[in-house]
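Following: one structure in C-alpha cells, then a few remarks.
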C-alpha cells in the first residue's frame with residue numbers, strides 16, 4: 001500500500017474504470033424496486049461552479065445510497081442547451097451557437113466525470129440535439145391539437161438590443177438581465193400555452209406533494225393566485241358600454257370613489273377621443289410602454305394616474321364615479337379595471353390622497369364611535385367590521401354583507417360570482433435562433449398549418465446572419481420558404497423559437513427512454529420510472545420551471561401518454577454557496593473554481609467539504625480552512641488503513657461477509673465491546689442522516705468521531721483484529737457515497753475484488769448496542785463530584801446505595817442532612833444536602 005494518499009492518480013484511475021465499465025448503467029428488467037434520483041440539468045456555460053458541485057454531489061450521495069440499499073437506480077444527466085447566451089456569444093465571437101455549445105458540453109462533461117458523479121452516461125441528452133428537439137416540437141403540436149396552444153397579439157417585454165421577448169423574471173430593475181438595456185413594451189403576435197386551463201388542478205395537487213418544502217408550495221400557490229369574488233358591470237354614463245371589474249371585496253362596493261383602467265385598456269382611447277384629455281392620455285400610455293410590470297406594480301413605486309374626463313355608475317348605488325387610468329393597473333390581470341375603495345385599501349388610499357379623491361368609510365371597526373363613521377378616515381381599515389354608509393346593508397357584519405351583496409348583484413344581473421387566478425397563459429415565443437423552432441407554417445390559402453409529424457424535426461438552418469437587434473431565422477430564406485402541407489402551395493415557416501422552459505419541462509420524461517426515435521418515450525418506460533423519487537435543485541426554479549414541468553406532466557397524462565399525476569415526488573432545494581456572506585458570482589469577484597480545488601485537493605475533498613459545511617437546504621459559507629480540514633481527514637483515513645494492515649493480517653480472511661457470524665463476539669473484552677457499540681451506533685446514525693433526513697453534514701461528523709474512536713482502539717494492547725476490520729470496512733462503506741474514489745481504493749487495499757459501490761449498506765447489530773456497563777455521574781447539590789462505572793441494568797435502589805458508599809460522596813455529605821436523592825438510571829445521581 002502506498003504510504004501517502006495520491007489523489008490525482010487514484011481518482012483518475014477509478015474515473016476511467018467507472019466510465020469504461022459503465023459501472024452506473026441503469027439495469028434493464030430488474031426485479032429491484034426502482035428509484036429515480038435527479039438533479040436539475042445544467043446550462044452548458046463552459047465551466048462548473050460551486051453551486052453545480054453542491055447540487056450534483058447531493059443527488060449523487062442519494063443515488064449511491066439507494067443502490068447500496070438494493071434499489072435499481074436511474075441517475076441521468078443532460079444539458080439545457082438552448083438559450084440566449086450562445087446567441088450572444090455568436091454575435092460577439094462570430095462562433096456558431098452549436099459550436100460554442102457543444103464545446104462547452106464536452107468541457108462540463110469532463111468536469112462532472114472528474115467529480116466522480118455516478119451518472120448513467122448512456123442516457124445523456126442535450127436539448128439542442130435534433131433528436132431531442134424533434135420531440136419538443138412534437139409535444140408542442142400535441143398540446144396544439146388538444147386546444148392548449150394558441151396565438152394572439154400581446155404586449156410583451158422587449159429588449160431592443162437582444163431583439164427578443166423577455167419574461168417578467170428576465171427584467172431586472174427595468175433592464176434586460178443579459179445586457180442591461182432598457183426594456184420596453186412591444187405589441188407582437190405571440191404563441192401561448194394555455195396553462196390557465198390547468199390552474200385549479202395545479203393548485204389543488206400541491207396537496208399531493210408532502211415531500212416538497214412548504215416554502216416552494218407557498219410560492220406556487222401565490223403565483224397561481226386563486227381568489228373568489230364577483231365580476232361587476234359598471235355602466236358608462238351616456239355610452240352603451242360597461243366596464244367589467246373583478247373584486248374580492250364586494251362588501252366595499254358603496255365605498256367606491258373612482259374606477260381605474262389600465263392605460264392599455266381598449267376602452268381608454270375611446271373615452272378620450274376628441275376631448276381635451278386625449279393628448280395627455282396618449283402621452284401617458286406611451287410612457288407606460290417603457291415600464292415593465294414590476295416597475296409599475298411595486299409597492300414602492302409612486303402611484304401615477306390621469307382622469308379621462310369620463311364617468312361610470314356604481315351598479316348598486318347608482319352613484320356617478322369618475323374613470324381614471326393609472327400605472328399600477330395592468331391589462332393582463334383580472335379585467336384590466338379596478339374599483340377604487342380608498343378607505344379600505346392601502347394602494348387606493350395613496351392614490352386618492354394624492355389626487356384628492358373622495359375617501360368614504362363603509363366598514364367600521366368594532367367599537368368605533370358614530371362620529372368617526374361619517375368622517376373621512378385618516379388611515380386605511382382593511383379588517384372585518386360593521387357595515388356603514390351602505391344603504392340596506394348597514395349594521396350587518398362585513399362577512400355576512402359580502403355574501404348578501406353578492407346575492408343581490410346576481411339577482412339584479414349586474415354581477416356574477418367568479419373564481420379568478422393570477423396565473424397568466426405561458427408566452428413561449430422568442431425571436432431567437434438558438435431554440436427549438438416552432439413547427440407551424442403560414443399559407444395564404446390555408447392559414448396557419450401545423451408541420452406534419454413525419455416532417456419533424458424542423459431543423460435550425462446554418463445560413464443565418466447574427467446581428468444585434470435582428471431575429472437570425474428571419475435572415476434565412478432557405479428556412480422561411482417552404483410548401484404548405486395541405487395544398488402544396490408556397491408558404492413560409494414561423495421564425496420564432498420556443499422559450500427554453502419548453503425544453504426543460506419534459507426532459508425528465510425523455511431520460512426514461514432517451515434513444516427512442518419512434519416516439520417521445522414508450523409508455524412502459526415512462527410508467528416504470530415516473531415519477532422522479534428525489535429532485536434536487538435551486539430554489540430559484542421554485543415557480544416557473546417546476547410549474548411548467550407539472551403542467552406538461554398533467555397534459556401528457558390527460559392525453560394518455562403516461563400515468564403520473566406529478567413529475568417530482570420529493571424536492572430538495574439546496575442553498576447557495578457564498579463567500580463573505582454574498583453569493584459567489586463573477587461580478588463580485590468571489591468565485592472559487594471547482595477545477596482549482598480538485599486540482600489541489602482532489603474531487604473527494606471538494607465533495608466532502610460541500611456536504612459537510614452546512615445542511616443542504618441552507619446557504620453554505622465557503623472556507624479555505626474547511627477545505628483543508630476535509631483534505632486532512634481523508635489523509636487520516638488513508639493512514640488509518642495503512643496502520644491497521646499489520647493487525648488485519650492476523651485475521652483469517654479479508655472480507656466483511658464473515659464478520660457477523662454467530663458467537664464471534666461473545667468473548668470480547670470491554671474495550672472491544674465498546675468499539676463494536678460505537679461502530680453500530682454510528683451505522684444507525686449515518687443511515688438515518690443519509691437515508692431519511694439528508695443531513696449529510698451530521699453523517700460526516702459521526703464518521704469523523706468514529707474514525708477517532710478506531711484510532712484509539714487500535715492502540716489497545718488487546719485490540720481485536722476482527723473488531724478493527726468490521727469498523728474499518730463499515731467506515732469505508734458508509735463514506736463511499738460521499739467520497740467514492742478514496743473508499744474504492746482502500747476497499748481494494750483491504751483485499752476485496754468487487755467494487756465498494758456494489759456492497760450492501762450495513763445493517764445495525766442491535767445486540768452490539770446493548771451496554772454491559774454505563775458511566776454514571778455523581779453530583780452533590782448539582783455539582784459533579786465523581787464518575788463511576790456500573791452495570792447497565794442496575795436498579796435505582798441499588799444504584800443509590802452504591803453511590804452513597806462512594807468515598808467522594810461521603811466526603812461531601814458527612815455531617816450534613818441528606819434532603820433527597822434524585823436518580824436518573826444509567827446517567828446520574830444528584831444528592832441534595834443542607
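In the UniProt record's numbering, the protein residues as written are 1 to 834. Backbone N, C-alpha and C define an ideal beta-carbon position, used for all residues, glycine too. Just so it is clear, the structure is predicted and the values come from calculations on it, not from any experiment.
What three-state label does DSSP hand residue i in the structure shown?
i: residue 443; result: strand
i: residue 353; result: helix
i: residue 397; result: strand
i: residue 823; result: strand
i: residue 807; result: helix
i: residue 739; result: coil
i: residue 801; result: helix
i: residue 108; result: helix
i: residue 155; result: strand
i: residue 762; result: coil
i: residue 7; result: helix
i: residue 423; result: coil
i: residue 515; result: coil
i: residue 630; result: helix
i: residue 135; result: helix
i: residue 678; result: helix
i: residue 367; result: coil
By the 10 Å Cβ neighbour count, where 16 or more other Cβ atoms means buried, how is residue i classified, buried or exposed?
i: residue 17; result: exposed
i: residue 439; result: buried
i: residue 430; result: buried
i: residue 519; result: exposed
i: residue 818; result: exposed
i: residue 643; result: exposed
i: residue 126; result: buried
Alpha carbon to alpha carbon, what distance is there between residue j and residue i?
i: residue 306; j: residue 204; result: 40 Å
i: residue 692; j: residue 157; result: 44 Å
i: residue 220; j: residue 297; result: 19 Å
i: residue 635; j: residue 729; result: 16 Å
i: residue 656; j: residue 6; result: Confidence in residue 656 is poor, its pLDDT being 44 and thus under 50, which makes the residue's placement unreliable; the coordinate value appears in the next sentence. About 26 Å.
i: residue 567; j: residue 39; result: 13 Å
i: residue 415; j: residue 287; result: 33 Å
i: residue 241; j: residue 295; result: 31 Å
i: residue 111; j: residue 262; result: 51 Å
i: residue 161; j: residue 467; result: 10 Å
i: residue 752; j: residue 664; result: 21 Å
i: residue 52; j: residue 576; result: 10 Å
i: residue 190; j: residue 151; result: 5 Å
i: residue 581; j: residue 621; result: 7 Å
i: residue 475; j: residue 488; result: 23 Å
i: residue 50; j: residue 177; result: 22 Å
i: residue 401; j: residue 500; result: 48 Å
i: residue 131; j: residue 96; result: 19 Å
i: residue 213; j: residue 91; result: 41 Å
i: residue 43; j: residue 607; result: 21 Å
Which same chain residues, not among the five before or five after residue i, have their C-beta less than 6 Å away from its C-beta?
i: residue 123; result: 76, 511, 514
i: residue 260; result: 324, 326, 329, 338, 340
i: residue 826; result: 774
i: residue 780; result: 812, 831
i: residue 252; result: 341, 344, 362
Which whole-angstrom value describes the C-beta separation of residue i and residue j, a residue pair presumed to lie in contact below a C-beta threshold of 8 Å?
i: residue 390; j: residue 548; result: Wrong, their Cβ atoms sit about 44 Å apart, outside the cutoff.
i: residue 713; j: residue 724; result: 7 Å
i: residue 159; j: residue 181; result: 6 Å
i: residue 707; j: residue 731; result: 6 Å
Among the residues of its own chain, which have a CB less than 8 Å from the CB of residue i, if the five just before and after it don't count?
i: residue 216; result: 539, 542, 546, 571, 573
i: residue 787; result: 775, 776, 777, 778
i: residue 441; result: 448, 449, 450, 451, 482, 484, 485, 491, 492, 493, 494
i: residue 689; result: 695, 696, 698, 699, 702
i: residue 336; result: 261, 262, 264, 265, 329, 330
In chain order, what residues of the same chain lie with their CB nearer than 7 Å to the CB of residue i, ignoring the 5 residues before and after it?
i: residue 660; result: Because the pLDDT at residue 660 is just 49, under 50, the model does not fix this residue reliably, and the value given afterwards should be weighed accordingly. Once the five neighbours on either side are set aside, the close Cβ partners of residue 660 are 765.
i: residue 652; result: Since pLDDT at residue 652 reaches only 43, below the 50 mark, its modelled position is unreliable, and the value read off the structure follows with that caveat. Nothing listed; no residue qualifies.
i: residue 247; result: 229, 230, 232, 339
i: residue 395; result: 386, 387
i: residue 521; result: 509, 510, 512, 513
Would you say the beta carbon of residue i comes nearer than 7 Å to a heavy atom of the ligand GDP?
i: residue 749; result: Judged by which ligands are present, the structure shown has none, so any question about the ligand GDP falls away.
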